[in-house]
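Step one of this worksheet: look at the structure below.
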Ligand code: PLP
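In full-length UniProt numbering, the protein residues as written are 1 to 449.
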């Protein structure tokens, strides 16, 4: 089909995620055709180096033949198996057991979802069930971070603290509350990371005190805030928040949808700080984007309370037709094999210093105020004035101009509205691909200067 016809059909009929409907009607869409390794190709044959792993998910890179093979085999053998009515499938059971072995010891039970939003949604529902089963139905207030992103389910979009997800959606809900994010570059206390961590802990204590110590159910956080602008907290922050949650007797929920599966170095960011969450959500790198799948994992304490509580003989009424889909699960098993035996995790860790150095070198560029990263998750923050860290006027549409220049020069990353450029290259990146990334990026920044 002609490209122009496809673009017209897209404008007329396809609603895109998190997009201005009217803006989309005018701008249209770049239609992608194929992908291999770290490269995407659009329908005009224009090649793009993907420095964002799709949407921070294709951690393995594109065109991994073994994943395709495993998916085809599973589709041929058993394309679907319900998890309802005491049925199951081998790949789903094996993947659940593998995740239990690979995540912090606190997490012993897995519920599979279709992605991250419904993993967060499931977490909220299980937490609600848990406190009701425990005989503490008053514990229903939820706290998350400003600039946090926890998907866009009806409940999760209120834990998300980004205004677009609330506007005209009647969110946040009355039981959803936020504390400031740990943002080193914009830390009012300067470079004092210990004070920043202490400030977060105090903010959580204050919020819990304000809501009533007995009323708070849980604190949700990303180890590194992704969609909020790749905000990398100081090392030790996650552990400090875990400790604070224990003291305050609230559940500690870590959303590893972006940070999981080698994105920050270890398989999960929790590992680096020896954190033992009560619940963990994950998606994206679980299947590396080759098929939809997410998961929520929970501790024995939650599981047993739900099992033995109010619902002892009743069913726990949470489920989806495609929970634990066998094709996605088979892909997940192969993706995990590639991270470990396939050497992707090791390559990601070996390449991370080059990535960090490339970002840091751009600090000398007149537009760049901050360069930050952990593992292969990083960002540049562009400012109008480095001394005051003043942001560019939105009317300059700098992010839009950067995104357009990047496309022309064959590079994909994410230009956030407030002039933060986010990067999440695949764990399969080579040194040559990092060189290409940074040489193209420098030209793009020069072009829009
Ligand atoms: N949680 C976090 C931390 C995310 O980054 C995302 C998506 O980017 C989600 C949840 C929602 O995941 P999904 O888009 O798969 O629904």
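Cβ atoms here follow ideal geometry from the backbone N, Cα and C, with glycine treated the same way.
- The segment 88-150 contains, as complete alpha helix (DSSP H) runs of 4+ residues, the segments 90-102 and 116-133 (chain order).
- Residue burial is scored here from C-beta neighbours: residue 274 has fewer than 16 other C-beta atoms within 10 angstroms and is therefore classed as exposed.
- In terms of Cα proximity to residue 368, the closest of 236, 442 and 303 is 442.
- Only exposed fits residue 36, as fewer than 16 other CB atoms lie within 10 angstroms of its CB.
- Taking residue 363 as the centre and dropping the five residues before and after it, the same chain places the C-beta of 371 closer than 7 Å to its C-beta, in chain order.
- The shortest CA-to-CA distance from residue 139 to any of 271, 351 and 219 is the one to 219.
- Annotated as distal: residue 284 and residue 158, with beta-carbon spacing of 8 Å or more.
- In the structure shown, residue 296 falls within a strand segment according to DSSP collapsed to helix, strand and coil.
- By the 16-neighbour rule on beta-carbons within 10 angstroms, residue 147 is buried.
- In this structure the segment 299-311 does not lie against the segment 33-53, because fewer than three pairs of beta carbons, one per stretch, are closer than 8 Å.
- Only residues of its own chain outside the window of five on either side were considered, and among them 56, 149 and 258 have a CB closer than 7 Å to the CB of residue 226, listed in chain order.
- Look at residue 393 here: in three-state DSSP terms it is coil, with no helix or strand label.
- Residues 71, 325, 327, 328 and 331 of the same chain have their beta carbon placed closer than 8 Å to that of residue 291, with the five preceding and five following residues left out of the count.
- Taking the Cα of residue 172 as reference, the smallest distance to any Cα among 188, 145, 390 and 44 is reached at 145.
- Membership of residue 10 in the alpha helix (DSSP H) is indicated by the continuous run 3-13.
- Between residue 17 and the set 384, 151 and 187, the nearest pair of CA atoms involves 151.
- Burial check for residue 295: the Cβ neighbour count within 10 Å reaches 16 or more, so the residue is buried.
- Of the other Cβ atoms in all chains shown, fewer than 16 fall within 10 Å of the Cβ of residue 340; this residue is therefore exposed.
- Under the DSSP definition of a beta bridge, residue 435 lacks any partner.
- Here residue 374 carries a strand assignment [DSSP, helix/strand/coil].
- Residue 182 is positioned such that its CB atom lies closer than 8 Å to that of residue 234.
- Residue state for residue 246 is assigned as helix, using DSSP reduced to three classes.
- Looking at the DSSP output, residue 255 sits in a beta bridge with 281.
- Shown here for residue 175: same chain residues with a beta carbon closer than 7 Å to its own, the five before and five after excluded, namely 140, 141 and 142 in chain order.
- DSSP, reduced to helix, strand and coil, places residue 41 within a strand of the structure shown.
- In this structure, residue 59 and residue 288 form a Cβ contact; the two beta carbons are roughly 5 Å apart against a cut-off of 8 Å.
- Just so you know, the alpha carbons of residue 5 and residue 390 end up roughly 43 Å apart.
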